[in-house]
Structures are given as structure tokens and as C-alpha cells.
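Chemist:
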Ligand SMILES: Nc1ncnc2c1ncn2[C@@H]1O[C@H](COP(=O)(O)OP(=O)(O)OP(=O)(O)O)[C@@H](O)[C@H]1O
Ligand SMILES: [Mg+2]
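Residue numbers (this note's numbering): 2 to 651.
(1) Taking only the alpha-carbon atoms, compute the straight-line gap between residue 1 and residue 239 and give it to the nearest angstrom.
(2) Where do the ends of the beta strand (DSSP E) carrying residue 489 lie?
(3) Quick check on this structure: which residue in 273, 438, 262 has the alpha carbon closest to the alpha carbon of residue 250?
(4) Does the beta-carbon distance from residue 185 to residue 223 come in below 8 Å?
(5) Does at least one heavy atom of ligand 1 sit under 7 Å from the Cβ of residue 655?
(6) For residue 424, which three-state DSSP category applies?
(7) Nearer than 7 Å: is that true of the beta carbon of residue 58 relative to any heavy atom of ligand 1?
(8) Hey, is residue 54 close to ligand 2, as in C-beta under 7 Å from one of its heavy atoms?
(9) Use the C-beta contact count for residue 231: other C-beta atoms within 10 angstroms, 16 or more gives buried, fewer gives exposed.
(10) Using the Cβ count rule (16 or more neighbours within 10 Å means buried), how would you classify residue 310?
(11) Just mark residue 7 as buried or exposed, buried being the case when its beta carbon has 16 or more other beta carbons within 10 Å.
(12) For residue 590, does the count of other Cβ atoms within 10 angstroms reach 16, so buried, or fall short, so exposed?
(13) Give the straight-line distance between the Cα atoms of residue 2 and residue 171, rounded to the nearest whole angstrom.
(14) Pick helix, strand or coil for residue 388, following the three-state DSSP scheme.
(15) Following the continuous beta strand (DSSP E) through residue 177, name the residue where it begins and the one where it ends.
(16) Quick check on the burial criterion: 16 or more other C-beta atoms within 10 angstroms. Buried or exposed for residue 408?
(17) I'd like to know if the stretch 51-64 and the stretch 197-205 are in contact, where contact means that at least 3 CB-CB pairs between them fall below 8 Å.
(18) By how many angstroms is the C-alpha of residue 625 removed from the C-alpha of residue 441?
(19) For residue 330, tell me which candidate among 343, 352, 359, 296 has the shortest Cα-Cα distance.
(20) Rounded to the nearest angstrom, what separates residue 379 and residue 141 at their Cα positions?
(21) Flag residue 140 as yes when its Cβ comes closer than 7 Å to any non-hydrogen atom of ligand 1, and as no otherwise.
(22) On a CA-only basis, which of 214, 210, 285, 388 is nearest residue 243? Give me that one, please.
(23) When you compare only the Cα positions, how much space is there between residue 11 and residue 21?
(24) Verify whether the separation of the beta carbon atoms of residue 188 and residue 46 is less than 8 Å.
(25) If residue 388 and residue 474 are in contact, beta carbons under 8 Å, what's the gap, nearest whole angstrom?
(26) Return the CA-CA distance between residue 370 and residue 524, expressed in angstroms with no decimal places.
(27) Buried or exposed, going by whether 16 or more other CB atoms sit within 10 Å of the CB of residue 207?
(28) Using DSSP bridges, identify the partner residues of residue 94.
(29) Threshold first: 4 residues or longer. Then list the alpha helix (DSSP H) segments lying entirely within the stretch 232-308, N to C.
(30) Mind checking who residue 149 pairs with in its DSSP beta bridge?
(31) Nearest by alpha-carbon distance to residue 97: which of 162, 86, 397, 110 is it?
(32) Is there at least one Cβ from chain C nearer than 8 Å to residue 275's Cβ?
(33) If you measure from the CB of residue 51, is any heavy atom of ligand 2 nearer than 7 Å?
(34) Per DSSP, what kind of secondary structure is residue 540 in: helix, strand or coil?
(35) Which of the three DSSP states is assigned to residue 162 in this structure?
(36) Under the DSSP definition of a beta bridge, which residues are partnered with residue 469?
Structure follows, in C-alpha cells:
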């Protein structure tokens with residue numbers, strides 16, 4: 002990162018001041034931030050106070066195992082001080098602090114979280130200004146109101162203080178300084194012209210009350226000069242989750258959510274609860290309204306922080322909530338864990354496992370309530386987080402039943418009517434026609450493409466609803482779940498359909514009466530096609546599931562299902578593909594025609610019939626979206642058949 006030549010300092014012999022360049026993205030960000038005509042500039046203070054609070058939390062935790070780090074000063078506080086003459090506003094904390102490398106790494110590059118998301122969005126949308134509000138841009142928000150930012154910091158446990166200075170125009174300097182706080186960080190903003198409002202204590206009081214009232218560390222405003230130094234704590238400075246619900250406004254809850262989740266949307270669901278008795282813990286949890294950018298990111302973290310007796314312990318405690326609830330944001334604070342618990346012990350703490358179980362139950366119960374009370378909202382929730390929650394179906398056998406009740410599926414039901422949309426398993430079963438036993442599903446990559454699948458024809462004709470699975474996770478929970486309410490999950494692309502058993506008696510009789518005798522020669526044709534395609538298919542059968550299409554491919558009972566095989570192939574996790582069953586539609590005019598022709602004279606050696614058999618298989622492959630093993634042969638056969646068709650003119 003060190004881009005600029007080191008400048009020689011003339012006077013002191015102390016180690017030199019270095020001039021370094023910002024990471025490209027940071028420069029781009031600063032340009033936007035500095036020039037942004039963003040109305041709500043006051044959020045800069047929220048960001049800086051949030052950083053200061055995180056820094057105190059991190060030191061308090063580090064001091065649990067290295068008490069010397071906070072020795073002599075465990076009164077964490079954040080201080081605001083204005084100097085009207087110098088037109089500077091400073092925000093100081095006695096938290097963990099930063100040394101030279103921390104300053105270069107943390108304030109010279111886009112290290113983490115919201116800001117990275119901001120930059121990605123920026124690539125998609127042009128108007129950076131509006132995005133600032135959505136993403137808060139962290140530390141760099143200071144440059145919305147300051148034309149110079151000085152960060153003087155001394156890392157806890159280290160003696161050397163460092164100063165980081167920048168005007169936000171592409172470069173910054175780092176130099177050792179004695180003027181850093183004894184421990185922690187002081188950020189001094191030299192305000193731009195026209196930003197004097199941020200030197201006014203009333204204004205500052207309002208901003209802190211609006212955005213940082215939930216910060217558990219006192220935010221103190223120091224006004225007046227050396228002689229009559231007045232101090233005033235501007236925020237409630239108590240952990241918001243410990244306060245009675247009745248005393249907390251929705252705005253305060255939302256601001257806490259913004260802080261704890263580094264998020265900027267409105268939370269969809271809020272759960273504030275206290276568990277007493279065997280386990281004692283308090284929880285304040287939120288479900289965001291929109292997808293966090295790292296939901297499927299390999300390094301993703303759940304956003305629930307663990308506190309013990311209001312002391313921040315960890316935000317990387319995987320055992321606190323299951324991965325399938327990783328969209329949760331918030332805190333769990335327990336009285337029952339020892340403060341100096343190490344991360345290793347945390348990992349295998351039976352108590353934490355109990356809290357995890359209880360919290361999971363509580364969250365799922367709340368979702369169940371919501372699904373009943375506000376089904377449309379729940380549908381939006383499902384849109385956003387359904388694919389994650391479904392991971393619990395194979396991860397968490399204990400909660401499987403509840404998760405199945407919460408699961409919503411796209412379906413073939415009511416297409417084109419306002420009844421379309423998702424269905425729960427309970428509603429699916431409630432509207433099953435007589436005779437239907439299994440829960441039918443079709444899985445693939447895209448719901449709309451699935452709706453056009455020939456495999457659905459026979460089911461649609463019988464009024465049998467088919468669930469449409471289009472999340473990759475669906476292929477993983479089905480083998481683990483197998484059934485719901487005593488009914489098997491059955492793929493419409495594998496094995497027999499049992500369609501003939503479905504439909505009420507009246508239909509069945511009508512069907513029997515009108516049952517068209519099998520087209521003459523169908524069995525012979527099936528045998529012929531089977532013979533012709535011996536090396537390529539497992540079997541050829543008369544289909545029950547086709548009404549319009551001539552053919553389709555299905556997996557044989559017991560073989561790996563079609564979509565799962567495609568997924569595994571895509572991920573090079575399958576070397577040998579299973580042979581499929583080619584199903585033919587006995588009522589399709591082409592099939593009838595072929596059967597007649599086969600029944601004709603000298604048909605056995607009829608090359609056209611053999612070509613037709615291969616073309617039927619290739620057609621079924623194309624319908625599956627599978628590549629043809631021999632496109633040239635396909636082309637040749639198609640050409641010759643069309644040619645024959647044109648010349649015979651019959
Ligand atoms: N007062 C501070 N004390 C110690 N470290 C700090 C302080 N302020 C910022 N930092 C460091 O600088 C990094 C960048 O801060 P920044 O606010 O841009 O991002 P963030 O807080 O990590 O995430 P977000 O974008 O959600 O705010 C922080 O992660 C932290 O390591
Ligand atoms: Mg921040």
C-alpha cells in the first residue's frame with residue numbers, strides 16, 4: 002500500500018512522518034463523500050460514536066484475558082469537545098486504540114462491512130449521495146463535514162502514540178506523536194466552511210439523542226474552557242436491552258439495530274425478551290427487511306453479539322444461533338456465563354447450547370405467529386430469507402417440523418389467478434384431490450422454466466398441484482426430510498406417478514368409460530425404441546405424465562433425481578451420470594404415427610424410424626436443458642427426416 006516516497010523531516014530526530022496513498026476504492030469513496038450534497042450529514046457523528054463504542058467494547062473484552070490493557074482506567078467513555086476558535090470538533094474514546102499499522106490498515110483501505118457494500122452498490126448506481134444514507138460509509142463520513150481529519154491514537158498496552166492526518170484527497174500521513182490520548186483514540190475534525198452547526202452543543206445533543214442514545218457507554222459533551230469545564234452525558238448510556246420495553250421508542254430500537262447490525266434498513270421483526278429461571282438471559286434480536294450483502298458469503302457471520310453481564314464478549318460466537326438463522330441481528334446477554342470465558346470454552350459451552358436452542362425456538366415461534374397474522378409480510382420475509390431458513394431442514398432435526406410449517410413453496414396452483422404465489426405444506430395438503438397420497442414437487446434452477454416442464458402436464462390435467470423448488474438448498478433437505486404429516490415428498494421427474502389413482506371416483510369411471518384403447522402398436526413401438534436406444538437409456542415406457550408433449554426423460558425409481566444430478570455435475574461432484582428412462586406419450590399424434598409406420602411392412606429395417614427414436618431422445622434432452630451428447634448426429638438425423646418429409650409430401 003505504501004505508494005509515496007518517504008519525505009525527509011528536517012527538524013526532529015524522531016521517526017519520520019510518512020505520506021501514504023489511500024487504496025483506490027477509498028479515494029473514490031472520499032470523492033463522493035466529500036462532494037456529496039447529502040442532506041443528512043449529521044450521521045457522521047453516529048458513525049464516529051459507533052466506532053468509539055466498538056473500540057471500548059473490544060478493549061473491555063481483551064481486558065478479560067489481559068487485565069493490564071485496561072488497568073487504571075476501566076471507566077469507558079466517549080467525549081465530544083468543540084473548539085469554536087479553531088473550528089474543530091473532537092470525538093475521543095478510551096477504547097482499544099490503534100497503532101501505526103492499525104491506522105494504515107483500518108483508515109487507508111476499505112477493510113470491512115458496510116462500506117464495502119457501499120462501493121459495490123456504487124458500481125451499480127451512480128448517485129453516491131443517496132447511497133451514503135443507506136450505507137453510512139463508516140469513518141469516512143467525517144469528510145462530509147470536515148476538510149481535515151486528524152486521528153491521534155495509542156493502542157492499549159503500547160507506549161507509542163500515532164497521528165493520522167488527511168484532507169480526504171487521496172493521501173494521508175502517519176507520524177508518531179506524544180499528543181495522543183493515554184489510551185484510545187481522539188478524532189479531530191476541522192469543520193468545513195458552513196458546517197459550524199456541529200460546534201453547537203444543542204445541535205450535538207440532538208444528534209446524539211437521535212442516533213446514539215442506545216450506546217451503552219456514556220457519550221459526554223465537554224463544553225466551556227479550561228476554567229469552567231462543564232460535562233454533560235448526552236445519552237442514556239445503559240444497555241438498551243436491559244431497559245423496560247415501555248421506556249424504549251421504536252426509533253431508539255431502530256437506531257440500536259442500525260448500530261448493532263451496521264445496517265441501514267428498517268428491521269422487519271424485533272424480539273425483545275428476558276428469560277428467567279434455569280437460564281437467565283436477555284435478548285434483543287432483529288430480522289432485517291432486506292438481505293444483508295454477506296448472507297451467502299463464505300466468511301459470513303451471524304450478526305448476534307454475545308454479552309455477559311452487559312460486557313461485550315464476542316460477535317463471532319458461531320454457537321449462539323444456528324447458521325440457518327444467520328440473518329438475525331442483535332444481542333444476547335446472559336448472567337450465567339463467567340465473564341472471562343475464553344473463545345475455546347465458549348465453543349463447547351453446554352449453557353450456550355441451551356441458550357441457542359431456546360432462542361431458536363423463540364424466533365421460530367415468532368415467525369409462526371407472523372406467518373398467521375401478516376401472511377403478505379411473511380411472504381416478503383420468505384422471499385428474502387426463505388432459502389437460508391430452509392438450510393435448517395437438514396441441519397436441525399429438532400426444529401424440522403416447525404421449519405416445515407414455516408416453509409413456503411412456489412406452486413403450479415392458480416397460475417395467472419390472484420391465488421398464485423406461495424403455499425404452505427398444510428394448505429397444499431388441504432387442497433389435495435381425492436386419491437392423492439404424495440406431496441409432488443419439481444426441482445430446477447428457475448421457477449418460470451419449471452412451469453414450462455412437460456413433466457407437469459399429467460398432473461395439471463388431473464388438477465394435482467406440484468410444488469416448484471428452485472433454491473439449490475432444496476436438493477439437500479429433501480433426502481433428509483422425506484415426508485410431512487405422513488405424506489412422502491415425491492419428485493415428478495422420478496419413478497412412477499400414481500396419477501391413475503388420483504381423481505374422484507366419478508372421474509375414474511368416466512376415464513374408464515372413455516379410456517381410449519391403447520393406440521395400436523404402441524407396445525411394439527416402445528420395444529423398438531428401447532432396442533434402438535439400448536446404450537443410451539435405461540428403459541422406454543408409456544408415460545402417464547404427458548398430455549401434450551411427445552416425450553420426456555425421468556429418473557428411474559431409486560436413481561438420483563434429474564436436477565440433483567445436474568447440480569452435482571455442475572460442481573464436478575459426479576463422474577458417472579445415471580441412465581434415464583425415456584417416456585413416450587401414447588396419445589401424441591407423432592407417437593401414434595410412428596407406431597402405425599412400425600406396424601407397416603418392412604418397418605424393422607426402417608432407418609427413418611431409428612432416426613426418429615434418436616430424435617425423440619434428443620428432444621427429451623433438449624427439454625431437460627441438457628447438452629446433446631452428439632449434436633452432429635442429431636443434425637444429420639433431423640435433416641434427413643425433414644428431407645424425407647418434404648420429398649414424400651404425404
Ligand atoms: N475510535 C476507534 N478506535 C479504534 N479503532 C477504530 C476507531 N474508529 C475506527 N476504527 C477502526 O477502523 C475501521 C474502519 O472503521 P469504519 O467505521 O469505516 O468501518 P466499520 O466500523 O468496521 O464498519 P461500518 O462500515 O459498519 O462502520 C474499524 O473497523 C476499526 O478497526
Ligand atoms: Mg464504523
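In this text, a Cβ means the ideal position worked out from N, Cα and C, and glycines have one as well.
Modeler: Answer, in terms of the structure:
(1) This structure gives no information on residue 1, because the portion of the chain shown stretches from 2 to 651.
(2) 488-492
(3) 273
(4) no
(5) Outside the shown range of the chain, which is 2 to 651, sits residue 655, and nothing can be said about it.
(6) strand
(7) no
(8) no
(9) exposed
(10) exposed
(11) Note that residue 7 scores 48 on pLDDT, short of 50, meaning its location in the model is unreliable; the coordinates nonetheless yield the value given after this. Label assigned to residue 7: exposed.
(12) exposed
(13) Here residue 2 scores only 39 on pLDDT, less than 50, and its place in the model should not be relied on; the value that follows carries that caveat. So the alpha carbons of these two residues sit roughly 13 Å apart.
(14) helix
(15) 172-178
(16) buried
(17) no
(18) 18 Å
(19) 296
(20) 36 Å
(21) yes
(22) 285
(23) Note that residue 11 scores 47 on pLDDT, short of 50, meaning its location in the model is unreliable; the coordinates nonetheless yield the value given after this. Using only the alpha carbons, I get a separation of about 19 Å.
(24) no
(25) 6 Å
(26) 55 Å
(27) exposed
(28) 79, 186
(29) 251-262
(30) 191
(31) 162
(32) Among the protein chains of the structure shown there is no chain C, as only one such chain exists.
(33) yes
(34) strand
(35) strand
(36) 411, 443
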